[in-house]
Structure formats: C-alpha cells, structure tokens
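Chains as they are written, first to last, in this note's numbering: chain A, 401 to 771; chain B, 86 to 1129.
This report refers to the structure that appears directly beneath it.
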Amino acid sequence: MASSYKDEDGHITVSGSGAAAGAGGGSLRSKKPENTAFKQQRLPAWQPILTAGTVLPAFFIIGLMFIPIGIGLYVTSNNIKEFEIDYTGVEMSSPCFTCAQNFSWNGTKPCTCSVPFHLDQPYESNVFMYYGLSNFYQNHRRYVKSRDDSQLNGNEESLRKPSKECEPYAKHGNKPIAPCGAIANSMFNDSLELIYNDPNGTKVQIPLTATGIAWWTDKHVKFRNPGAENTNLTVVFQGTTQPVNWRRPVFQLDSDPDNNGFINEDFIVWMRTAALPTFRKLYRIIQRRSNVHPTLPRGNYTLEVVYNYPVRSFEGRKRMILSTISWMGGKNPFLGIAYISVGSVCFLLGVVLLIIHHKYGNRNNAAEISH
Amino acid sequence: LTWEVKANSRHYHKHKQRKSFLCFTWGRYSDNVVRSHKYSLLTFLPLTLFEQFQRAANIYFLLMVVLQCVPAISSIPWYITIIPLLVVLSVRGFKDLAGDLARRRCDSEINSRPCDVLFSQFMTAQWKDLCVGDVLRIRRDQIMPADLLLLSSSEPHSLCYVETADIDETNLKYRQALGATHNELTSHPSEEALGAFNVVLCEEPNNRLYTFRGQLQWQGECFLLENEHILLRGTVLRNTDFAYGLTIYTIVLSVLLAAVLLAIGAGVSSYQAMTKTSFLSALVIDGKPAYNGFLVYWSYIILLSPAMPIALYIRFELIHTIHSKFIGWDLEMYWQQTDKPAEARNTSLSEELGQVGYLLSDKTGTLTQNRLLLRQCCIAGEVYPMDLSWNPFSSGGLRMFSPTLVETLRGQRCPVTTQFLSALALCHTVMAEWKEQAASPDEETLVGAARELGWVFLSRTRDFVVVSELGATRQYQLLALLDFTSKRRRMSVLRDPQGGLKLYCKGADVVILERLQKNCPHKESNEIALELFAEACLRTLCVAVRSVPEALWEQWSRTLALSAAMATCERDTLLEKLYDEMERDLLLLGVTAIEDRLQEGVPETIALLQEAGIRVWVLTGDKKTAVNIGYSCKLLHPESRLLEWQELREILQSADPQVSFFKAKQTELWATHKEMARAKTSVVLTGPELQAEFEERPEWGASFMSLAEQCQSVLCCRVTPAQKAEIVELVRKHTASITMSIGDGANDVNMIKAHIGVGLAGREGGQAVHNADFAVSQFRFLQRLLLVHGRWSYRRISLFLCYFLFKTCGFALVHIWFGILNGFSAQDVSAESSLKLPELYKSGQKKELSSPRKLITYLLYAVYMSLVLFFIPCGVFYNTDYDYQTMAVTVSMAATFAVTIETKYWTKFNIAALCVSVVMFFICSRITHSTRLFQSSPADYFFLVSEKAFIDPMVWLTALLTAWAAVLPSVTSHAFSVILSVHNKHKIHNSSPPPVELRSRFARGSSLRRSSYAISQGAGPGRLINSTTSIQRAEVLKEEKVST
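Structure (structure tokens):
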C-alpha cells in the first residue's frame, strides 16, 4: 500500500481549481459526485412569506375572511331555537326528586315523573329531541374500549365468546352477554314522552320518530344482527344474556324488526361514545307535519319521564333538549365567536405589523435587497 | 524474559500452539492468522442482537412491543410496533454483517500474502501459516508478516531500512542485525546456518512499540537484543535486497492486533455516541415516577410513546444517512487528483460537526504536504530565489532556477558557490539508493537541489563519496562524520578532495554563526537573508566550510579514535567536545531556505476556523521546528506571545493560575489591553514535558485546560501517537466541547479514534481513513465540512428535534388534556409529564442541541399548540352530539393543516412532500375508515367516521380555525422577523471566505523562528555509514556480551 502512491508522487501537489485531468483518465468511472442541485444542496428554497409585501396582506386577508365567517356562524347559531330542561331531580322541588331518590336497579315498577315546561316561541322546522348527560365520562379510556365491534357487527363467534375488552361485562354467569361491554351495559334507558298541553285543555302527545337518528354507516355497516336477516332474533340470541343493568334483552328493544337487536337506533346512538363528559345524544326527531302549523307551537308542555337511569352516583345531570337545526348542526355559538376573535386577532396583528413595517422596516429592507 | 523462541523448530512450538474453542483459548504460541472479523455463522445472530440491545432505544422499543402484547393495556395491535423494530434491527444487522464480511475479505487477503519460509530450504508460504520460530526471507518492498528478529541482510553490516508508515510517521528507519549473527551468516551463507540459532528469550508480547528486551542464546553465548534488531510486523523493507529474520511474535499481540483492539474500542465509543442521540428514550425509561395505577401507567407509557417513537429513531438514522450522503456528494470536497470525494464513514455524527469546539490536527501530511522544497538560498551574500510556486507540479526537485546562479556555476566563477554546492552534495547522510526517501527529508531536498544544479551525489561507500560535479566525477574520501544530534544541531564531514582536508558543516544558524571565523565575509548579508527567510517561514540551514590543516587532523583523529573506544557514558561528552574543537573557524558559504510546503488553503482554513470560534491545536511528532509551521499556517499570530512549558509550569504552580496567567500576559510589551493579550497568547509544549507533568499532577489538567481555553492556540511538539490520544482525552475531559481530530497517518489513528476523527486521504497509508469518521482529501475541505455541512446538519437536526419534541409534546399534551376531560383515568400522567418537561429541557441543554431559550420557546409553543388543538375542538363539541371519533378526526385534520402551514422552507420537494402528506392523510383516513376494512377486521378498524366527518362543514371549519390559531404565534414571529429582516440566513454563509493574507507581516526579529533544521529522527545513521575503525569499534562495544 505504501508503494502505490509513489508513481503518482509527482502529480499529487497543489492544484488550483481541481480542474486538471485526473490521473485515472477517462476510462475509469470517476467517483466525482454529480453536479445536481439536489446533491449539492442548492435547491432553490422558497419562503412564501418572505417579504412584508406578502405577509401583511396575508394577515389582513385571513382576518377579513375569518370575521365574516364567524359572524355568519354566530348568526346562524343564534337563529337556532333551543330549549333545554334538566330533569335529574336533585332539588326537592323537582318532580323527579322521588324517582331519583328511590332508584334501585332491580325495582320492578318503573318510576315515572312529569316535568312541565313552557316554550316561549314556536319551533317551525323539524325539531330534534336530545337527551343530555353531564359529568358522564363516556370518553374514559377503558370505557371506550369496553365493547366488541365484531359482536356488534353480527359475528356469531363473538356473540358466543365476547372479546376480552368487554371484561368484566363479557359474561354473566356462564352466559355471554350480548351486547357485551361497559358501554352497552350503561345504556341510557329513560324513556321520554312529550305532551303538548293545548290551551283548550286537551293533552296532545307529540309523535316522536325513533328511526333516522343513527348514522347510516352505523346502522347498515357497523351494527348488524347476528344470523341471517329473517331469523327470529329470540332464537339468534339464545344462549346469551342481557347486560347486567338492562331490564330486557337486546332482542326486545323495539317491536320493529328493523330497529331491534343490535340495530336498534337508540342503542347505536349510545354506542357512538361522546367526546367530552358533557354531551347530548339524539333521542327522537319530531317531524314537521304540516306547512301551516309549527312543529311545536308556543305553549305549555309536559315531559313524561320513565326514570330508569341513575346519575346521582356520579353527580351527573340529565337533560332533555329540544332544538331545531341548521346546516351547521345544533346551536353552537362558540365556533362563531372563535372565528371572530381569531380573525380580529389576525387583523390586529396585521395592523401592528403594518405600523412596525412603516416605522422600522424600510431601512432594513434596503439592506435585505442588497444581499 | 519468559517468551522462548527456538529457531526453525516447528514441532517444539506446535504443541504449545494456541487453540481456541468458543471463547476459551489455551496454549501460548498463536498462529499468524489475522482475525479482525467479529461474527461467525453461529455467533452472528446472538452477537448482533446483543450489541443492538445495548442501545437503550432498542430496549425501550422492545419493552413497548412487550407492553403492547399485553391486551389489558395495549392501544394498538402489537405488530404495529414490532415491524419498525424489526426493520431497525435487521437494517443494522445487515450493515454490521456487510462490514464484517468486508473485514473478512480484507483479512483473508492479508492472510494469504506470500512469504519465504525456511524449511531446510526457502519455500513460499502464506502469512497465516507462519509460526513462531520460523526463519523468513524478506525481499525488497515486502511487508513483514510478523515481528521478526533481524538476523542478517544483504546490505553491509546487515543494515536494512524499513518504512514504518503503518505504525508511525512515514520515515525510513534503519535496523541492524547483531554483529554476531551478521558475521556468522555473511561468512557462511547457508540455509543450515540460518536455522542454527538456538534460542531467543524475550519479553512476552506487548504493545510497546519502541522498546524491546530480549537475548539471543547462541553458541553458548548470550547477546542482548534491542529494538534495533526487531522488524515489526507491518513495516516495509526498503532499499535492501533481502533480509533474514526469525519470527519471534506472531499475530497475537503484535502491533496490528492492538490496532484491532483499538478499533473495537472505537466501536464502543461510537456506540456511546449513538446512545447519546437517543437520550429521549432513556429519559422515558428513567423518568418514571412512583406509580400506583400500574396498568394505567403502562398504558399511558404506550399512549405517550409517540413522545419517543421509534419513528424518531428511524428518522434520525435517515437524516444522518442523508447528511452523510450530502457530504459525499459535495463537489467542493471532491479532490480531482486522486478522484476521491469526501466520505462520511460514520453516519451518526453529522450534527456534531456543527458543534466542534476543538480541532486537533496533525502537522505532517495534514497541514503540510510533507514535501520540502528548497525555496531560496543565499550564497556568498547573494540571494537566489528559487521560487517554484508558479509550478504546481513541482515535485521537489528544481526544474527552473535562477539563471544568474546557473551562469555563475557553469562559469565556475565563484569558488564560494562551487563550495556551497559541494557541501550540499557531500555533507549529508543520504544513501545513494534512497531514491524515494531519505532518513531526513531536509537532507533529501538539499541533495536533490544540488543534483538539479549539477552536483550529483552518485554513490557512497564506507570511505568514499562519489560526486559528479557538472559532469566531472570525483571521488572524495570520507574521513569522519560528525553526526547530527538534536543537541548539536549541526553535522560536519571531513574529506579529502585532492590533498586538502576540508570540513563541511551545515546546521542551525545559531550554532553555525557562533563558530564562524572572525571577519567572515558575507556574514552580514547572510544574516539579513536569514531574517528574510525566517519571515517567509522557511526552514533555514547554514552551510559552512573549514580548511583543516593536516597536522591538526592527525592529532584530532588520534584523539577521536581513543575517545571512541572509551566507556559509553563519558564517551559521548568527550566526543562532543572533540567535535566542537573541529567545528570552529568556519567560513560561511551560504544559507538554504527550505519550505515545508503547506497544503493549499491551510492558513485560510485555520484562520476561518478560528474565526468560527474553533480552537485549533496542532499535535506533531516533530521538534519545536513545528513552531515555524505554526506561524506560516496562521495558527500562531506573529505578534502572539509564545508561552513555553517553563512559564506555563510556573503559572500552574502558582496559587492562582488565572491571576498569574493574566500577569504573564500583562508583561507583554505589546499586549496593550487584555482582550488583545487573550487573543494573542499561544502555548507551545512538548510531549515529554506534558506527560511527565500530568502524570505527576493530574489535577493540573483542569487548570491547564482553563488556561489553554484562553489562548489562541496550542502547539504540542514531539508527541507520540499515544500522547496525541491522551491530549484529546484531556481536552474532552475538561471541556464540554466536541473535539475533532484530523490526521493522515497511522500515527494519528489513536487520536482520530478518540472522538470525531477526520482522516486525510493523503499519501500515507489508509490507516487514518479507515479509522476515521470522516475522510476528506485536503485539509481545506474542513472548512466546508465543518462550517457548511456541520452547521447545516446541526441546524437541521436541532430543528428537527425541536420540531419533533414540539410535535410529540403537542401530541402527548393533547392526550393529557383529554385525560383531564376523561375523568383522570390516569391521574399520575400529568405529574409524569410535568416531570418530563424539565428533563427534556435539561437534556437539551446537555446536548447543546440548541440554546435552552429556543428549546423552551419550542416547548411553550408546543404547549400552546396542544392547548389550541385540543380546546378549540373541545369548545366546539362541548355539549353537542358529536362523538369522540369525529373529534379525533377533527383534531388530526387540524394538526395536519397546522403542520403544513408551519413549514418554513419551501423547495419543490418540500411542497410535493407536503401535498402528498396532506393528500395521504385524507386517503389513508378514508382507507382505514373504509367499511371493507371494518368488515374484514371489526376489532381493528372500528373508526368508521371519516365518511361522515369529511362532509361535515363544522369539522372543516373547526379544523381550519384550529390550525390557523395554532400556527398564529409562529407565523406572527416569522412575519416580525421578516419585517425587521433579522434573518441571519441572508448572510451567505458558504460563500468563499475573504482571502486571508498568506504571509503575515513579521513584526519582531526573534531568533526563535529562524533556525529550524529538522531531522525528524533521532541521531542520524551517520555512525553506521561512517565506517572508520573507531566506529567499528563502537559497534563492537554496543554488542556487549552478557554472561548468562
């Protein structure tokens, strides 16, 4: 190895630019790196917000875009009519106080209570009826996972052998629970009825639609009853048991076969767990019947509650919400306000930057150009 | 002396042959097979796994996989984590395997090299078949296959010359056989005689290269063996037709193996460097607080594992690899003449290039080209420039010359000039056959210069030197050779041209000038010339002559013969005195000025690096003459004060080193104020001093370093390879900075391995490059390597890390906010994370990844962003019927947008990548949320949400708002900086540096710099060349017989 360089000794000296032909000549493949922009790291870098000329308009434009959007959202949200009533029964005066106090899981006779309320303005279009829960951590990590999606998708095997995720609500006795898991076990089971107290004295029950409240994908893809379509659900679910807290088995949730078993929409809605501890879930839809009368006229109503669902143990609250909806869903002033404030902040920053630019920027800009 | 070697008796050694099975070895004498490979077929898998799981990161990921396998706490299927881990493991494993195979190939190449072994007669065998006790015949230019005892050689006196490029500086060294063996073998040159040497007793194999103790028992007598008799493995036989040697050590602990051990050490240290980069993982493991909710805790570890995801690891590797590729691709670091691009051999250090605080450089071959040139000479008071710098291909011989000088010479007009050249051609120890290299490069240069001018040194015998003077061949009788030593700094030759006796002397100016005869002509002009040459940082030598009266010679030579025969200790002083007597009344002929040519761009590079705040130390094996180089390469400022060891020692001894150091600087006349003094103080040390002191007082290390830190530069002379490494360690120990060493030869290997090492792919063997982390072809490429690539990759990686921290913190914090809102299903998490943040910060500091302020800013920003990313959607979805999956999609959408806006540098690749990533986000969401996947595996793909979420205007509006709000601070600060245009980036950092004036203005006339006759060896071989009777006697004296 030491001798190898000697022959070239005379050549290895100083070279000016390195342009001199190499000793290897053209025949050998040179190891000279390629002169491409990427390899030489000369890719033209482009900073889109480089100059004051682009930065300032950006701030103004975004600010001016956000503020109208925010206003639009806010107005839309304000046009939505919403009525909310808490029927938990915490206070002594509350009609549901007794029910709340005397709750027991295996009470045979359901406790009912009637909550009167008054709507100040008529609700014109379709009205959505929600139940709302507070302080209910439906997003608890282990709670959220405590379900078996295969079972809910109609997998026979999972029906008989629920996933471990469902523990400790996978089996009761020796029988598998269908539907298994903590979510299903804690399903909201109050039933709510709405009665309009007509000024002329009659009580009119408001018709509530129980279907169409779940997502299409959930109803048709995610949730499926086990067995073939036509089989009797009672047979299909034989050998399983209902969740511990349920009063009736899953195949008796509704009389309509398209809304029974796992594809019961109340059940599906419940199974789509909420993001935050205070949430609402769609309960019923009050369809608009005629073009002449409002869906819910102004006046007095009574909410008939079959009080099954205990929330006192975790200091939760139960609410019933009536709301019209718009393209943006329910009433939601937050987004509008957020848009307005972010837009204004943007705009203000733009102004501040503009001032700074005018005061200090010019001199430096000249320097920048010279580079 | 327990190591026993019997010549030519394989059976005797065979049964003690070292054998090994697995990790057990027994027996003493090993075979001569190089085994630098680590793995065999069986051991590869366990070894590589063992090595890889020494990395904390890998253990951590394994833990993650294990945890994911526990269904109670897993959040994603286990195979999602194990696949990347497997990929990482297998890629690294393959890398190791490839390296090992390459080593194997290299080994087998070495092992199968041929050599001549004596089995009753010489036969060719392979290196690996050698055995202790074999007698070998080494031919010219062959490499020693093992450590040999030189028995005899083809040259007179059984001298032979070896090149030790692989062990230390490239120099020819001479070795000489014992007189006894030499005599025996030259008188009866037969194979039997070679095999007849009985027993060699010597020390056990060790790695001390420069000492050897042993004895040869032969014919009932016992001879002492020294290092001079040993031919080390890996050295190359030069200028000698053949040499016979007895194998005494085979591979076991011969030098090369020590190098292999070092290589393993380097592997370990580079592994340590690797683990440092994965500090985050250690943090996650170490940072666990006392926990109560065991499962919850572990599941949060998993959930928060994106804070140190395997992705980070992979991306780090990827970025490093790409950076190393960029280094290799850089055209500006491509060296045309050897067709070598720069090379990053260790990919994991590229960001440390941007943090180098100390650069320790070798001198010979690194700063200089190791090619001396006679640049000027002053003959009879006239300066003849021999400026050849216009000719880049000048090889050291003189091609063009001052025409006036040629004229003078051809006309034989000036006797001084003729004598000057005669002196050059005669007064040296160069052997005629040494075409490539002489023991002293200076002499080689001078003889070469004389040759170019017509005074050709033809040959040398013991008593005669044959010189062709302008075509006329003359034979000079060599009467005595007063050899060069470092103390005398001069050498002289007595000779007999045609009757007259002349003493030619050349040496350092100080020495020669004080020995001149009175009223020596041209003394003044020569001194001016010396000054001039010194200014130009040239090595100067004075050449002088003396006519010796015959009577004086007679008397002197008698005394010489007498004193040479005396006992050793007194002999040397006596000889010196004698020499001194002879070397007086000299007539100054002229001055030569040799340039130790710097590599191109060295001064500029050093100046630039110093400007960049990098402290440059030069460690060299040479004598203090290196100071000259220090001046010429801008390492030492001409006005800077040199602090030598004595002074430094006093400072260090004083009670308060800082104060006295300051005082020492204050005494400077030109140090008008303190900053100036600080900038212009340099320390010059020598290796032995350094070692002696620091071995005695290790506590000086710290104070020395603190002083050194205040100095402009440090120059360490006469340091051995091991000391070089020690100095690097010293620097590393006492400063937090990253040190980088650069060198080109095998003697720099230790130093290079100590920390970041740069190998100069130069003329010396490839050792340095093989052991280096980076290989470049020219010193000046360091500029680009450090200032451009280092800075870039440091910036990129720190930005990446900040960004990653920011991202993962954001991610983890969103989880934590969510944790708060999902009922504290893990209450210790927020505590853990708050524990985690200061640690992150601290490790950032330690690592100096970026300034703490910047890191905090990033962390705060991460906190802000996570707050925004979580709480805006939270506000929107509060008390609505949106489910958590929709919210998840919204947040991730917002995060994707935010990251897209956040990008600061837009190249077309970037834009493409961003577009792809945004599009991929949607596509992947749709795919993973598709009903088909759900139906095939409902348990894994239960997120059937995007279909509805992507058409929900609320989701879009929320995501856009959130994204914009999240990036608003960064965009604003960016806008601020744009408007105030405080972008340092606008400075073009990689433009060519302002040319630094090559030659500094010389401000003071100090004799310190003038004289620099360097012969990089110890005492010259003159003693051996000169073979008058006295010397022969001296030889006999050396081989003292030792009775056993």
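Glycine included, each C-beta is placed from N, C-alpha and C at the ideal position.
Considering just the uninterrupted stretch of the beta strand (DSSP E) at GLY532 (chain A), what are its terminal residues?
Start and end: 527–534.
Listing by chain order, which chain B residues have their CB less than 9 Å from the CB of LEU682 (chain A)?
Near LEU682 (chain A) (Cβ distances below 9 Å), the residues of chain B are ASP966.
Use the C-beta contact count for ALA821 (chain B): other C-beta atoms within 10 angstroms, 16 or more gives buried, fewer gives exposed.
So ALA821 (chain B) counts as exposed.
Are ILE812 (chain B) and LEU445 (chain B) closer than 8 Å when you measure CB to CB?
Yes.
Determine the chain B residues that contact ASN553 (chain A) at a beta-carbon separation under 8 Å, and present them in chain order.
Within chain B, the residues near ASN553 (chain A) are PHE1019, GLN1020, PRO1023.
Applying the criterion that 16 or more other CB atoms from any shown protein chain within 10 Å of the CB defines a buried residue, is LEU1000 (chain B) buried or exposed?
Note that residue 1000 (chain B) corresponds to Cys in the displayed sequence, not to Leu. CYS1000 (chain B) comes out exposed.
Do you know how far the Cα of THR705 (chain B) is from the Cα of SER918 (chain B)?
Any answer about SER918 (chain B) is weak, because its pLDDT of 31 lies below 50 and its placement is not dependable; what the coordinates show is given next. Straight-line Cα distance between these residues: approximately 51 Å.
List the residues of chain B whose Cβ lies closer than 7 Å to the Cβ of ARG760 (chain A), in chain order.
Note that residue 760 (chain A) is Tyr in the sequence shown here, rather than Arg. LEU1065, listed in chain order.
Output the boundary residues of the beta strand (DSSP E) element that contains HIS518 (chain A).
Element bounds for HIS518 (chain A): 511–519.
Return the first residue and the last residue of the beta strand (DSSP E) that ALA629 (chain B) is part of.
Note, ALA629 (chain B): beta strand (DSSP E), 624–633.
Return the chain-ordered ranges of every beta strand (DSSP E) run that is complete within the segment 658–701 of chain A and spans a minimum of 3 residues.
For the segment 658–701 of chain A, whole beta strand (DSSP E) runs of length 3 or above, ordered along the chain, are 679–686.
Which same chain residues end up closer than 8 Å to LEU683 (chain B) when comparing Cβ atoms and leaving out the 5 residues on each side of it in sequence?
Once the five neighbours on either side are set aside, the close Cβ partners of LEU683 (chain B) are LEU452, THR453, GLN454, ILE714, SER717, CYS718.
Taking 8 Å as the threshold (C-beta atoms), are VAL468 (chain B) and ALA614 (chain B) in contact?
Contact: yes.
With DSSP collapsed to three states, give me the class of PRO599 (chain A).
It is coil, neither helix nor strand.
Which parts of the segment 189–272 of chain B are runs of the beta strand (DSSP E), unbroken and 3 residues or longer, counting only runs that do not cross its ends?
Qualifying beta strand (DSSP E) stretches, in chain order: 199–204, 206–211, 220–224, 232–238, 244–248, 257–261.
Tell me the rounded alpha-carbon separation between LEU647 (chain B) and LEU663 (chain B).
Answer to the nearest angstrom: the Cα atoms are 11 Å apart.
Taking Cβ to Cβ, would you say PRO1054 (chain B) is nearer than 8 Å to TYR969 (chain B)?
For PRO1054 (chain B) and TYR969 (chain B), no; Cβs fall outside 8 Å.
Is DSSP giving PRO576 (chain A) helix, strand or coil here?
In this structure, PRO576 (chain A) counts as strand in the three-state DSSP scheme.
Reducing DSSP to helix, strand and coil, say where SER586 (chain A) ends up.
Residue state, collapsed to three classes: coil.
Taking a contact to mean a Cβ-Cβ separation below 8 Å, would you say ILE673 (chain B) touches LEU601 (chain B) in this structure?
The residue you asked about is not Ile; residue 673 (chain B) is Leu in the sequence shown. Contact flag set, yes.
Just by C-beta distance, which residues in the segment 718–735 of chain A are closer than 7 Å to chain B?
Within the segment 718–735 of chain A, the qualifying residues are TRP727, MET728, GLY729, GLY730, ASN732, PHE734, LEU735.
To the nearest angstrom, how far is the alpha carbon of ARG689 (chain A) from that of GLU482 (chain A)?
Spanning the two alpha carbons is a distance of roughly 19 Å.
What's the gap between the Cα of ALA1034 (chain B) and the Cα of ARG1011 (chain B)?
Distance between the alpha carbons of ALA1034 (chain B) and ARG1011 (chain B): 10 Å.
Could you tell me whether the Cβ atoms of TYR508 (chain B) and VAL321 (chain B) are closer together than 8 Å?
Residue 508 (chain B) is actually Ala in this sequence, not Tyr. Not in contact: ALA508 (chain B) and VAL321 (chain B) (Cβ atoms no closer than 8 Å).
Can you give the Cα-Cα distance for PHE146 (chain B) and LEU171 (chain B), rounded to whole angstroms?
Taking the straight line joining both Cα atoms gives about 10 Å.
Taking just the CA atoms, how far does ILE756 (chain A) sit from MET836 (chain B)?
The straight-line gap from Cα to Cα measures roughly 54 Å.
Is there at least one Cβ from chain A nearer than 8 Å to MET229 (chain B)'s Cβ?
Cβ-Cβ to chain A under 8 Å: no for MET229 (chain B).
Quick one: is ARG700 (chain B) buried, meaning 16 or more other Cβ sit within 10 Å of its Cβ, or exposed?
Buried, since its Cβ has 16 or more Cβ neighbours within 10 Å.
Between which residues of its own chain and ILE668 (chain A) is the CB-CB distance below 7 Å, once the five residues before and five after are set aside?
Here the set comprises ALA614, ASP618, LYS619, PHE623.
What residues are listed by DSSP as bridge partners for THR332 (chain B)?
In the DSSP output, where bridge partners are listed per residue, THR332 (chain B) has B:LEU233.
Apart from the five residues just before and just after PRO599 (chain A), which ones in its own chain have a Cβ nearer than 7 Å to its Cβ?
The answer, listed in chain order, is GLY699.
Give a yes or no on whether the minimum CB-CB distance between TRP670 (chain A) and chain B is below 8 Å.
Not closer than 8 Å to any Cβ of chain B, the Cβ of TRP670 (chain A) fails to qualify, so no.
Helix, strand or coil for VAL752 (chain A)? Go by DSSP, reduced to three states.
Correct three-state label for VAL752 (chain A): helix.
Return the CA-CA distance between ASP913 (chain B) and PHE956 (chain B), expressed in angstroms with no decimal places.
Low confidence applies to ASP913 (chain B): its pLDDT is 28, below 50, so where it sits in the model is not reliable, and the reading given next is rough at best. Answer to the nearest angstrom: the Cα atoms are 21 Å apart.
Quick test of your reading: ILE882 (chain B) and GLN440 (chain B), contact by CB under 8 Å. State the CB separation rounded to the nearest angstrom.
The Cβ separation is near 10 Å, so there is no contact.
Does any residue of chain A have a CB that is nearer than 8 Å to the CB of PRO688 (chain B)?
Chain A contact via Cβ: absent.
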